[in-house]
Every structure is written in C-alpha cells, then in structure tokens.
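All remarks here apply to the structure that follows.
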Amino acid sequence: MKCRIRLIGWLMLVGTLVSSDGFALNDQQLTTKPESVSAPDIAWRYRLFETKNIWTFILLDTATGRTWQVHYSLDQTPTERLVINDFALVPDGIKHRNGRFTLYPTTNMYNFLLLDQEDSRIWQIQWSTDAKERGIMRHIPPQK
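So for the sequence shown, this note's numbering puts the first residue at 3; every next one is plus one.
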C-alpha cells in the first residue's frame, strides 16, 4: 500500500513537471517573433529606421536605396532632413521595386548596413551632423 501511494505521488510529481515544461515551451513559442521582413514592410516605398540617438532617424527609399538623416525636436531646435545618399543604387535598366533595400544597425550608433535584398550588394552608410562625415562610407564587395 505504501509503495502504491509513493508511486502515485511520484507520477503526480512527474506529471506536474512535464506539464510545466510543456506550458513554458508553448509560451515561448507563442511570444517568439519572426525576424524576417513582413509583407506590409515590403509594400511601402519609404521606411524610417531608428538610430540610438533619440532625435535622429534614417529615412530609406526602399525602391532605390536613397537615404536621409531625419532630425525632429520637441522645442525650438530646428528639424531637418539631411541627405546621406541621394542617388539610386539600382543598376541601370532595372525597374525600381518597393522593398528592394533595407537597413541593418551596427554596434556603432552612426553606421548602418544598407542591403540590396535582390542581388546581395551591401554598403556601409554613416549619419552625422557634419556633412563631411555623412554618406556612403564604402561598398562591401562579395568574397571572391
């Protein structure tokens, strides 16, 4: 009889632990968001990307790769839109398509990677209040 009670207690304990792990796993799966670009993001021509500076965003033309630095303000400080890259990065003869380009932040708050999602070309862009420090810093070529 004591063995039976111990066995039932043991089974109840194991059942509780298994259920808890199962719920935790299900909760984790439900709260995990996919990292891919969603359809609504692809449909829009222009997107704003946050920087680590609370007053600065990067505006991206997702069809051409053109970028601007956007400053906003809550007081009398001037707001402005400064050109980072004002020329289309789409190869000649190719039709512009929304969602072709996207930005990825780097650990350097002033630098982003600009990715052409159709042919994998990548540029390092940099925002700055100083015009000499703002622009496409370099094209990152594919490995040969």
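For glycine and all other residues, C-beta sits at the position ideal for the given N, C-alpha and C. Computed from a predicted model, the values in this text were never measured in an experiment.
How close, in whole Å, do the beta carbons of residue i and residue j come, if the pair is a contact with beta carbons under 8 Å?
i, j, result
"residue 88", "residue 68", "6 Å"
"residue 110", "residue 45", "With a Cβ gap of about 30 Å, residue 110 and residue 45 do not count as contacting."
"residue 119", "residue 142", "With a Cβ gap of about 15 Å, residue 119 and residue 142 do not count as contacting."
In terms of alpha-carbon separation, which member of the options lies closest to residue i?
i, options, result
"residue 58", "78, 83, 64", "83"
"residue 74", "117, 56, 113", "56"
"residue 128", "93, 106, 64", "106"
"residue 96", "50, 130, 121", "121"
"residue 117", "53, 63, 54, 52", "63"
"residue 140", "131, 54, 52, 113", "113"
"residue 52", "108, 132, 134, 131", "108"
"residue 50", "76, 104, 94", "104"
Express the C-alpha separation of residue j and residue i in angstroms, rounding to a whole number.
i, j, result
"residue 78", "residue 138", "30 Å"
"residue 86", "residue 136", "6 Å"
"residue 48", "residue 91", "15 Å"
"residue 60", "residue 124", "17 Å"
"residue 81", "residue 145", "41 Å"
"residue 66", "residue 72", "18 Å"
"residue 115", "residue 70", "14 Å"
According to DSSP, what are the bridge partners of residue i?
i, result
"residue 142", "124"
"residue 135", "DSSP, once it has assigned bridges, lists no residue as partnering residue 135."
"residue 63", "48"
"residue 57", "Residue 57 pairs with nothing; no bridge assigned."
"residue 103", "118"
"residue 72", "59, 83"
"residue 113", "128"
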